[in-house]
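Below: the structure, in structure tokens.
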Amino acid sequence: SQQGEEDPQALSIQEGENATMNCSYKTSINNLQWYRQNSGRGLVHLILIRSNEREKHSGRLRVTLDTSKKSSSLLITASRAADTASYFCAFRQGGSEKLVFGKGTKLTVNP
Amino acid sequence: DTEVTQTPKHLVMGMTNKKSLKCEQHMGHRAMYWYKQKAKKPPELMFVYSYEKLSINESVPSRFSPECPNSSLLNLHLHALQPEDSALYLCASSLYSQQGVGYTFGSGTRLTVV
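Chains A and B, in that order, are what the protein sequence lines are. Take 1 as the starting number for the first sequence in the working numbering and just add one per residue. Take 112 as the starting number for the second sequence in the working numbering and just add one per residue.
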């Protein structure tokens, strides 16, 4: 399958804690993206990391990419109840126009 | 304008009906996409339009017919759907189809086929 694998499938934490989600993929990629989806509605683009980058930050988000292990992680620091959502990694293979999504991690942040 | 607008938000249709989903963006994006998402699953690509031309059809059944009348509009025409086609249909756009840029998604149309 071309789909990415994410773990954990579900994560429940307390407000203020950090949340880490992992994504693995099987083929070479040009970049990897992370999206958030609230309550089965539209997805929101969070961050994009290119294959020649190892780490990227955006506010409380930190993304790492290890192309040798074909894996990426998304860290949300100091989580808030509003961070409760499903998080998906997504990637293109080579020059493909096709953006493939991982299976997602459902994050619950308890107040 | 930094949004992708999808209408309707909800749609219930019978198996013999014909309906259309509409997607609109005014960000100057030249690539537009239709995704289908079942409950608790990731979005699955259906179609890619690049410069108003269909560039990818992910072997979608012919009862789904996409149309891109201009660079701002994307339609998905539905005919003779099955109950298993019930899902959230998401439209997205990006500046170009092969550049390393993020997609902007609409909020989706929740379709129920009865």
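Virtual Cβ for every residue (Gly too), placed ideally from N, Cα, C. Nothing here was measured: the structure is a model prediction, and the numbers come from that model.
Where does residue i land, buried or exposed, given buried means 16+ other C-beta within 10 angstroms?
i       : result
G16(A)  : exposed
M126(B) : exposed
K147(B) : buried
R92(A)  : buried
P177(B) : buried
Y162(B) : exposed
S1(A)   : In this prediction, S1(A) has a pLDDT of 48, which is less than 50 and means its spatial position is unreliable; what the coordinates show is noted afterwards. Burial call: exposed.
A10(A)  : exposed
A85(A)  : buried
Q37(A)  : buried
S204(B) : buried
V115(B) : buried
L107(A) : buried
T223(B) : exposed
G4(A)   : buried
H188(B) : exposed
Q136(B) : buried
T123(B) : The sequence shown places Val at residue 123(B), rather than the Thr named in the question. Per the 10 Å Cβ criterion, exposed.
A82(A)  : exposed
T105(A) : buried
L165(B) : exposed
Tell me residue i's beta-bridge partners as DSSP assigns them.
i       : result
H188(B) : S131(B), S176(B)
Q136(B) : V115(B)
S73(A)  : N22(A), T64(A)
M143(B) : Y160(B), S204(B)
E15(A)  : Looking at the DSSP assignment, E15(A) forms no beta bridge with any residue, so it has no partner.
M124(B) : V224(B)
K106(A) : A10(A), S86(A)
Determine the chain A residues that contact residue i at a beta-carbon separation under 9 Å, and present them in chain order.
i       : result
S182(B) : Neighbours of S182(B) on chain A: none; closest Cβ ~16 Å, over 9 Å.
S170(B) : Within chain A, no residue comes near S170(B); the closest Cβ sits about 12 Å away, beyond 9 Å.
Can you list the residues of chain B that residue i reaches, using a CB-CB cut of under 7 Å?
i      : result
R41(A) : S218, G219
Q33(A) : G213
Starting from the beta carbon of residue i, find every residue of chain B whose beta carbon is closer than 9 Å, and list them in chain order.
i       : result
G104(A) : K151, K152, P153
H57(A)  : Result: empty, since nearest Cβ-Cβ is about 16 Å, beyond 9 Å.
F88(A)  : P153, P154
R50(A)  : G211
Quick one: which chain B residues come within Cβ less than 8 Å of residue i?
i      : result
L99(A) : Y144, L156, Y214
Just confirm the distance between the C-beta atoms of residue i and residue j, as a whole number of angstroms; I'd bet it's less than 8 Å.
i       : j       : result
S208(B) : V159(B) : 6 Å
R50(A)  : T64(A)  : The pair is not a contact, with the Cβ atoms about 13 Å apart (cut-off 8 Å).
R221(B) : L192(B) : So it is not a contact: roughly 14 Å between Cβ atoms.
I76(A)  : R60(A)  : 6 Å
S79(A)  : N31(A)  : No, S79(A) and N31(A) are not in contact; Cβ-Cβ is about 25 Å, not under 8 Å.
G219(B) : R41(A)  : 6 Å
C202(B) : Q117(B) : 5 Å
Along chain A, in chain order, which residues have C-beta atoms closer than 8 Å to that of residue i?
i       : result
S161(B) : E97
S197(B) : Under the 8 Å cutoff, chain A gives no residues; its nearest Cβ is about 13 Å from S197(B).
Can you name the residues of chain A whose CB is closer than 7 Å to the CB of residue i?
i       : result
S204(B) : Within 7 Å Cβ-Cβ: nothing; S204(B) doesn't reach chain A, min ~11 Å.
Worksheet item: Is the stretch 11 to 25 of chain A touching the stretch 70 to 90 of chain A in the sense that three or more CB pairs, one from each, lie closer than 8 Å?
Response: yes
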